[in-house]
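Here the sequence shown is numbered in this note's numbering, starting from 8 and rising by one per residue.
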Amino acid sequence: PRLWGKPVVLNVDGLEWKRQKWNWAGKTFYKISEFLATLLPNAIVTDALDVQRYYMKKFGKSSTFIPYGAPEKGVESRQVLSTFQLQPRDYILYVSRMEPENNAHRVIKAFEQVKSDKKLVMVGDAPYSREYIAALKQTRDPRIIFTGYVFGQGYRELQSHAYLYIQATEVGGTHPALVEGMGFGNCILANDVPEHREVLGNAGIYFSPVDDADLTAKMQMLIDQPSLVENLRAIVGKRVREKYSWEKITRQYEELFNQVARLK
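Right under this line is the structure:
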């Protein structure tokens, strides 16, 4: 588009080359893409401050920080809950691509030690991780439910009626599912990495990136303390309204687009 005089804005997303699934060729491709991203667009958008600092430090390239927007309330419908024989507030929700670096195996292992009648709902899939997914499904815990991909209204229903939401990913910048989980009013239990600290702040509970026993303990604590869960729901709702409302995010994009349009 720039060859035709059209201004270009590029959202660089996360640091994809950090993902374990890529071999050297894949990592090299993404690193080259990062460099090109600093040359071709008129403006760069980063959705995480950690990524913004990375581009400034490595390439000396400034960017505009605009996070993901989040819904500000849940939905009342429960059709998908009936499909999977679930009850509102009676399950823990995990949503992600089923890849090792997203730690589905850690979540399952930790949950197997939790003393509760609540269920663990694992939402997601990955066509290139069949062996890993097969290993996950070898769990003997009848409380664990694998739904595969769930989109649209079904996804919104699962988010809206969960007891708590687990964000176990390690890398990738801001994860949309985390912001969405916050927007649907969930109590959040997150892997203690900088990306999640940036998004969640003090509005959730964190577990150790390396200690499965800590994850079990944090799950058990939240299950045993429903009043704490409700308190965290209120705190996370306030954070969403302050930082991640679509009205605010849309206004930021409009301001950026107007600035770039004047470069013609």
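All residues carry an ideal CB built from backbone N, CA and C; glycine is no exception.
Beta-bridge analysis with DSSP links SER252 to ALA77. Where LEU127 is concerned, the enclosing beta strand (DSSP E) starts and stops at 126-130. Counting other Cβ atoms within 10 Å of its Cβ, ILE39 stays below 16 and is therefore classed as exposed. DSSP places TYR98 in the strand class (E or B) of the three-state scheme. Per DSSP, the unbroken alpha helix (DSSP H) holding VAL58 starts and ends at 56-66.
If one requires a minimum length of 4 residues, the alpha helix (DSSP H) runs lying completely within the segment 130-215 are 137-143, 159-167, 183-190 and 201-207, in chain order. Between LEU17 and the set GLY33, ASN30 and PRO48, the nearest pair of CA atoms involves PRO48. By the neighbour-count definition (other C-beta atoms within 10 Å, threshold 16), ALA32 is an exposed residue. It is roughly 7 Å from the alpha-carbon of LYS122 to the alpha-carbon of GLN227. Nearest to ASP221 by alpha-carbon distance, out of ASN198, VAL157 and GLY188, is ASN198. One thing to note: TYR101 has its Cβ no nearer than 8 Å to the Cβ of VAL82.
Sequence-distant partners of THR181 (beyond 5 residues in either direction) whose C-beta falls short of 7 Å from its own C-beta, in its chain, are ASP54, ALA55, PRO74, TYR75, GLU202 and VAL206. Around the CB of LEU43, fewer than 16 other CB atoms lie within 10 Å, so the residue is classed as exposed.
Going by C-alpha positions, ARG85 is about 13 Å away from TYR98. When the alpha-carbon of ARG104 is set against those of TYR135, THR90 and VAL87, the nearest one is in TYR135. Judged by DSSP in its simplified three-state form, ASN109 adopts helix. Cα atoms of ASN238 and LYS245: separation of roughly 11 Å, rounded to the nearest angstrom. Membership of VAL52 in any alpha helix (DSSP H) is not indicated; the residue belongs instead to the beta strand (DSSP E) covering 50-53.
For VAL87, the enclosing alpha helix (DSSP H) begins and ends at 86-90. Per DSSP, the beta bridge partners of VAL16 are ALA50. LEU229: member of the alpha helix (DSSP H) spanning 219-231, first to last residue. With respect to TYR139, PRO107 sits close: the two C-beta atoms are nearer than 8 Å. Between the alpha carbons of ARG150 and GLN266 lies a distance of about 52 Å.
Counting other Cβ atoms within 10 Å of its Cβ, PRO233 stays below 16 and is therefore classed as exposed.
The beta-carbon distance between ASP219 and ARG113, rounded to whole angstroms, is 6 Å. This is short enough to meet the 8 Å contact definition.
In this structure, the CA atom of GLN166 is about 15 Å from the CA atom of LYS125.
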